[in-house]
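Novice: Shown below is the structure under consideration.
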Amino acid sequence: MTFRRFGPKRRYEMDWVKAADFLDHLSSHQTDDLDAGQRASVAELALRIRSGKRAALLADEVGMGKTRIAVALITEVRHAGGRAAIVLPAGLGVQWQKELKLFQPDDQTLLPLRSYDGFIAGFLTEEDAEGTEKRKRKHADWLKDRRQQRELPKKEWATEEVLMISHTFAAMRFPNAGDGPAGGWRRELLPNVVRLLAGRRRNFMRDSFHRGEVSHVYASRRAASTIADTIIEHNLQDDPDLVGDLAGDYKWLGADEYKHKILRLIGYGLGQFDLIVVDEAHKARGADSSLSRILGPVSWEGNDPFRLGMTATPVELDAGQWIDTLGRISGRDDGHDVTALGDLAAWISGYVDTVKRIRVEELDEPLTDGFVTAATRFQKALRPYVLRRDKRHDPEISAFQEGHGDYRVVQDLKVSPGTESFTRDWLRRFCAAEALSILPQNDPRVKRARLSVAQGYGFGFAPDADLAKHQPVKNEFEGPQSFWLDAFCGAPADIYTHPAILAAARLIESYAERNEKVLVFGRFIAPMNALTRMLDAREMLRRLRDGQHWPAAKVRDESEPAVLAAMKDPDIYAPSGGIIAINQMLTERYKKWSTARRTELARLHREIDALAPQDDIAALLVSFLRQDDDGEELQGEIGPLLEALGDRRERADAPWTGIEILDLFRGLLADLSTDEEQENDDTLRSRLVVYLQDYSGREGNFARMMSGATLPQTRRLLQSAFNRASSWPMVLLAQSRVGREGLNLHEACRTVVMLHAEWNPGIVEQQIGRVDRKGSCWLNDLKIWYEHAEGDPPRIRIHPVVVSGTYDDHNWQVLKARWMELRAQLHGEVLPQQARPSVTLPEVEVLRQRIIAATPSFAPKDIE
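Under the working numbering, think of the first position of the sequence shown as 15, with each following residue one higher.
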């Protein structure tokens with residue numbers, strides 16, 4: 015085996031004065047890539063760099079274009095000879111790549127580095143594979159493809175001017191091999207570095223590894239050579255911390271201890287950075303989180319590094335979270351040396367406490383003086399770090415607010431006994447849950463029931479109860495508890511008749527009837543699933559009534575309860591034969607549609623077949639569509655494939671062409687590819703078959719759900735389809751922890767439904783921010799409205815679903831109070847607008863104006 019040495023890259027030193035000059039030049043010239051507010055932020059960054067500051071928290075409100083500002087800084091740092099790392103949630107990589115290309119069209123930044131496997135794969139060469147010629151060729155092809163897909167560096171990690179690293183990269187695992195010394199290629203890096211620094215090399219004991227591990231052993235040793243050379247070149251071998259990390263018997267290290275020792279070495283393998291950009295910098299707080307580990311040993315910083323944190327919600331629940339976030343961007347997120355920041359805590363909490371008083375007490379001189387003092391201290395404490403624009407600094411939005419009031423409207427969807435479909439059985443169940451929670455008892459199941467019944471994720475006391483079936487509950491209580499338990503569990507609970515779910519469905523349909531898309535956020539899978547299936551069932555019945563196409567050959571078994579519930583609505587068409595009659599209608603219509611599709615495909619097949627000799631992807635597509643002797647397609651019906659590709663089209667009504675279908679197919683395969691070395695045509699074909707199962711007779715077209723189980727490539731496809739006004743889904747239901755950050759869902763939607771209230775107002779801001787962004791559907795609708803000025807102007811609409819009189823209602827009231835506190839800290843909304851009297855006394859108005867003038871602002875000086 016011939017080793018190609020990977021060595022440290024020598025580069026120019028970072029010149030921050032030159033970077034500031036570049037930023038000043040960029041901010042002084044009007045371009046399409048940066049608006050006035052963004053240019054002001056760029057100028058402010060240049061000013062702070064010149065003054066010697068090397069940390070900033072870019073905390074612009076959601077949708078104001080933080081990424082564009084950060085990319086401007088990254089670009090100018092590159093021009094000044096520097097190198098940048100972007101630490102981010104891995105799912106945002108494609109979005110960052112697009113932004114980087116705006117400033118540097120030939121940018122080839124890699125997709126985020128996600129794992130230790132990916133790090134080691136960056137040191138692989140074409141000669142590493144052993145075995146047959148076929149195996150060697152597949153290895154070389156796989157390596158070439160991964161580099162073309164920008165998942166691995168073409169040379170080495172340290173030569174990449176910009177490197178994206180996933181938040182979870184440092185969550186890597188190094189399992190032990192039984193009770194003996196740890197084996198396997200994953201444990202090769204540390205001992206090789208230790209021996210190289212000692213001037214020795216390890217023998218390659220081939221029998222110690224599986225056949226498929228050999229190439230990664232070579233890569234691990236090559237990585238060790240690079241790391242050792244870097245340590246020696248920078249005279250780091252005498253660093254006490256490094257010496258301590260490399261000491262000990264590495265053969266018997268536990269998994270966590272091995273990881274602790276290896277992280278710094280990985281940092282040397284990735285190379286030195288002058289700029290660290292941390293996207294969603296508020297996430298994963300704590301010294302032991304993966305993100306903090308990346309910002310510690312993994313991100314090897316130069317002698318004069320700059321850290322830029324990015325988050326729209328630096329504080330969410332507790333004002334003390336300011337200290338956590340600022341510590342992270344200041345390089346003090348490891349639990350040490352936070353004294354200077356800790357001194358700010360009193361000023362921050364003092365401001366928050368004063369704001370709470372202002373919102374409930376009558377204004378007077380002492381209270382106003384106290385606010386002015388607290389606000390001045392609050393701004394003085396945070397101004398050196400924080401740079402924030404909010405929607406008040408957007409000229410379009412500020413103009414709208416002056417003329418028409420708030421551009422957002424929060425309108426509760428109140429579900430009460432007077433609401434349609436709120437039956438006596440449901441009223442009894444809600445009352446029983448509330449009564450049980452008030453009566454003396456210590457059963458935690460009762461407290462859970464009070465929450466679960468209102469939010470639709472459980473109607474009994476069993477922790478994993480089947481929501482679709484009634485399960486008798488043994489009455490273990492006596493007296494009043496026994497009476498209310500019987501009332502709570504006495505009748506079957508059908509989730510598809512839940513009044514909140516039905517009310518949400520009708521609200522969503524009222525927008526869909528106007529051809530408007532709706533984004534729904536929820537926390538619990540069961541009610542989100544039920545709402546998705548209910549929306550699809552109702553839309554399917556309407557389409558059967560109107561003679562329109564529905565992309566399914568039958569009703570799936572798991573969707574039958576939703577269809578049966580939808581058929582009870584007198585406004586919805588319901589054939590007399592029930593599910594059997596519906597399936598017959600669906601089958602007949604689907605066959606006609608599929609036949610027409612096959613005719614169209616025959617023409618496309620001929621076009622693609624002609625391209626196959628010169629194009630491997632075309633040959634793979636021809637193979638996938640090939641028919642056997644009986645005329646049946648080897649991979650089933652072509653309908654699912656065309657449905658999948660149709661979701662990726664710019665214009666759904668345009669005629670298909672062979673070139674277009676091939677390009678779309680190529681993009682689909684790219685999304686299905688991973689970093690597995692053994693990947694080949696058979697692997698891709700099997701993945702394609704699995705992926706298309708979601709489109710085979712699927713009923714999730716009108717409404718689709720995105721949860722933690724949704725594959726990353728499917729999430730990207732859903733995002734793209736939801737942003738096209740002319741394509742389904744019309745409704746996207748996103749589990750809160752999956753869809754609240756990073757996703758752009760604003761191009762065709764301006765309505766958000768909150769199925770389940772959150773406790774954290776920062777999450778709510780992030781959710782609304784998915785549709786409240788630059789270039790949003792609302793801004794486009796507003797431009798159209800200005801041309802005609804008929805009726806009320808359009809607004810972004812937020813609809814929390816609240817079951818009145820329940821703990822769910824209390825949850826929402828607490829959230830609103832926290833939301834107002836958050837907006838007072840971040841948006842300058844100190845005075846409660848709803849409490850303003852119609853006529854204000856002159857002396858009170860003077861106090862109000864003093865408060866408004868003293869409200870802290872962290873905007874760039876050019877736009878304050």
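Glycine included, each C-beta is placed from N, C-alpha and C at the ideal position.
#1: Can you tell me which of the three DSSP states Asn249 falls into?
#2: Pull up the CB-CB distance for Glu410 and Leu793, whole angstroms please, since I reckon it's below 8 Å.
#3: Please report the residue range of the beta strand (DSSP E) in which Asn317 lies.
#4: Helix, strand or coil, according to DSSP, for Ala668 in the structure here?
#5: Residue range of the beta strand (DSSP E) that Arg422 falls in?
#6: Can you tell me whether Leu427 is helix, strand or coil according to DSSP?
#7: Are there 16 or more other CB atoms within 10 angstroms of the CB of Trp833, so buried, or fewer, so exposed?
#8: Let me make sure I understand the geometry here. Which of Phe392, His43, Thr609 has the alpha-carbon closest to that of Gly364?
#9: Just list the residues that DSSP pairs Gln749 with in beta bridges.
#10: From this set, Asp795, Ile812, His813, which residue's C-alpha is nearest Asp806's C-alpha?
#11: Helix, strand or coil, according to DSSP, for Arg901 in the structure here?
#12: So for Val2, helix, strand or coil by DSSP?
#13: Between the C-alpha atoms of Ser313 and Ile100, what's the straight-line distance to the nearest angstrom?
#14: Go ahead and label Ile866 buried or exposed: buried means 16 or more other beta carbons lie within 10 angstroms of its beta carbon, across all protein chains shown.
#15: Scan the region 86-145 and note each continuous alpha helix (DSSP H) run of 4 residues or more that stays entirely inside, going in chain order.
#16: DSSP puts Arg811 in a beta bridge; with which residues?
#17: Evaluate contact between the region 132-148 and the region 97-115, counting only Cβ atoms and requiring at least three cross-stretch pairs below 8 Å.
#18: By the three-class DSSP mapping on this structure, what secondary structure does Leu549 have?
#19: I need the straight-line Cα distance from Arg787 to Thr89, nearest angstrom please.
#20: Between the C-alpha atoms of Phe287 and Arg97, what's the straight-line distance to the nearest angstrom?
#21: Report the option in Ala551, Ala34, Val424, Val291 whose CA atom is closest to the CA atom of Gly95.
#22: What is the DSSP secondary structure of Glu718, reduced to helix, strand or coil?
#23: Using DSSP's beta-bridge definition, name the partner residues of Lys273.
#24: Note down, in chain order, each residue of its chain lying with its Cβ closer than 6 Å to the Cβ of Arg811, except the 5 sequence neighbours on either side.
#25: Any idea if Glu170 is buried or exposed, counting beta-carbon neighbours within 10 angstroms, 16 or more meaning buried?
#26: With a threshold of 6 Å on Cβ separation, who are the neighbours of His153 within its own chain once the five nearest residues in sequence on each side are excluded?
#27: Using the rule of at least 16 other Cβ atoms within 10 Å of the residue's Cβ for burial, across every protein chain shown, is Gln251 buried or exposed?
#28: Just to confirm my understanding: we take Lys428, look at its own chain, exclude 5 residues before and 5 after, and list those with CB closer than 7 Å. What are they?
#29: Between which two residues does the alpha helix (DSSP H) harbouring Leu521 extend?
#30: So Ala576 and Ala544 are in contact, right, with Cβ under 8 Å, and what is the actual spacing, rounded?
#31: For Pro119, is the classification buried or exposed, using 16 other Cβ atoms within 10 angstroms of its Cβ as the cut-off for buried?
#32: For Ala624, collect the residues of the same chain with a Cβ closer than 7 Å to its Cβ; drop the 5 residues on either side in sequence, then sort them by chain order.
#33: Looking only at its chain, what residues have a beta carbon closer than 7 Å to the beta carbon of Trp670, apart from the 5 residues adjacent to it on each side?
#34: Between the alpha carbons of Gly419 and Ala185, how many angstroms are there, rounded?
#35: In terms of residues, what are the limits of the alpha helix (DSSP H) holding Phe183?
#36: Give the range of the beta strand (DSSP E) segment to which Val366 is assigned.
Specialist: Reading it off the structure:
#1: Taking the sequence shown and counting its residues from 1, one reaches residue 249 at position 235. Residue state, collapsed to three classes: coil.
#2: Walking along the sequence shown from the start, residue 410 turns up at place 396. Walking along the sequence shown from the start, residue 793 turns up at place 779. Confirmed, Cβ separation roughly 6 Å.
#3: In the sequence shown, the residue the question calls residue 317 occupies position 303. Unbroken beta strand (DSSP E) run through Asn317: 315-324.
#4: Stepping through the sequence shown from its first residue, residue 668 is reached at position 654. Coil.
#5: What you label residue 422 is simply residue 408 of the sequence shown in a count that begins at 1. For Arg422, the enclosing beta strand (DSSP E) begins and ends at 422-424.
#6: Against the sequence shown, residue 427 aligns to sequence position 413. In this structure, Leu427 counts as strand in the three-state DSSP scheme.
#7: Taking the first residue of the sequence shown as 1, we reach residue 833 at position 819. Buried, since its Cβ has 16 or more Cβ neighbours within 10 Å.
#8: In the sequence shown, residue 364 corresponds to position 350, counting from 1. Among Phe392, His43, Thr609, the Cα nearest to that of Gly364 is on Phe392.
#9: Here residue 749 refers to the residue found at position 735 when the sequence shown is read from its first residue. Paired residue(s): Gly536.
#10: Residue numbering aside, residue 806 sits at position 792 when the sequence shown is read from its first letter. The candidate whose alpha carbon is nearest that of Asp806 is Asp795.
#11: Absent from the structure is residue 901, since the part of the chain shown begins at 15 and ends at 878.
#12: Any question about residue 2 goes unanswered here, given that the chain covers just 15 to 878.
#13: Against the sequence shown, residue 313 aligns to sequence position 299. Against the sequence shown, residue 100 aligns to sequence position 86. Their backbone Cα atoms lie some 10 Å apart in a straight line.
#14: By one-based count along the sequence shown, residue 866 stands at place 852. Exposed, since its Cβ has fewer than 16 Cβ neighbours within 10 Å.
#15: Unbroken alpha helix (DSSP H) stretches of 4 residues or longer found wholly inside the region 86-145: 107-117, 130-135, given in chain order.
#16: For the purposes of this step, residue 811 is identified with residue 797 of the sequence shown, where counting begins at 1. Bridge partners of Arg811: Val423, Thr765.
#17: As far as the Cβ criterion goes, the region 132-148 does not touch the region 97-115, which means the pair count is below three.
#18: On the sequence shown, residue 549 is found 535 positions in, with the first residue counted as 1. Note: Leu549 maps to helix in three-state DSSP.
#19: For the purposes of this step, residue 787 is taken as the residue at position 773 of the sequence shown. For the purposes of this step, residue 89 is taken as the residue at position 75 of the sequence shown. Taking the straight line from one Cα to the other gives about 23 Å.
#20: The residue given as residue 287 occupies position 273 in the sequence shown. The residue given as residue 97 occupies position 83 in the sequence shown. Distance from the CA atom of Phe287 to the CA atom of Arg97, rounded to whole angstroms, is 5 Å.
#21: Here residue 95 corresponds to residue number 81 of the sequence shown, with the count starting at 1. Answer by Cα proximity: Ala34.
#22: As a first step, residue 718 is located in the sequence shown; it is residue number 704 there, counting from the start. For clarity, residue 718 is Arg in the given sequence; the question names Glu instead. Assigned with DSSP and collapsed to three states, Arg718 falls in strand.
#23: The count along the sequence shown starts at 1 and reaches residue 273 at position 259. Bridge partners of Lys273: none, in fact.
#24: Working through the sequence shown from its first residue, we reach residue 811 at position 797. If we look at Arg811 and ignore the five residues flanking it on each side, its Cβ neighbours are Val423, Thr765.
#25: Along the sequence shown, read from residue 1 onward, the residue named residue 170 stands at position 156. Per the 10 Å Cβ criterion, buried.
#26: Mapped onto the sequence shown, residue 153 falls at position 139. Excluding residues within five positions, the ones whose Cβ falls inside 6 Å are Ala143.
#27: Residue mapping note: residue 251 aligns to position 237 of the sequence shown, counting from 1. Gln251 comes out exposed.
#28: Residue mapping note: residue 428 aligns to position 414 of the sequence shown, counting from 1. Contacts found: Val816, Ser818.
#29: The residue labelled residue 521 in the question sits at position 507 within the sequence shown. Here the alpha helix (DSSP H) through Leu521 covers 513-526.
#30: Sequence index remark: in the sequence shown, residue 576 carries index 562 (1-based). Sequence index remark: in the sequence shown, residue 544 carries index 530 (1-based). The pair is a contact, with the Cβ atoms about 7 Å apart (cut-off 8 Å).
#31: In the sequence shown, residue 119 corresponds to position 105, counting from 1. With fewer than 16 other CB atoms across the displayed protein chains lying within 10 angstroms of its CB, Pro119 is exposed.
#32: Indexing the sequence shown from 1 puts residue 624 at position 610. Excluding positions up to five away in sequence, the list is empty.
#33: One-based indexing of the sequence shown puts residue 670 at position 656. Around Trp670: Glu614, Leu618.
#34: In the sequence shown, the residue the question calls residue 419 occupies position 405. In the sequence shown, the residue the question calls residue 185 occupies position 171. The alpha-carbon separation between Gly419 and Ala185 amounts to approximately 47 Å.
#35: Position 169 of the sequence shown, counted from the start, is the residue given in the question as residue 183. First-last for Phe183: undefined, no H or E at that position.
#36: Locating residue 366 in the sequence shown gives position 352, counting from the first residue. Run containing Val366: none in the beta strand (DSSP E); it sits in the alpha helix (DSSP H), 359-374.
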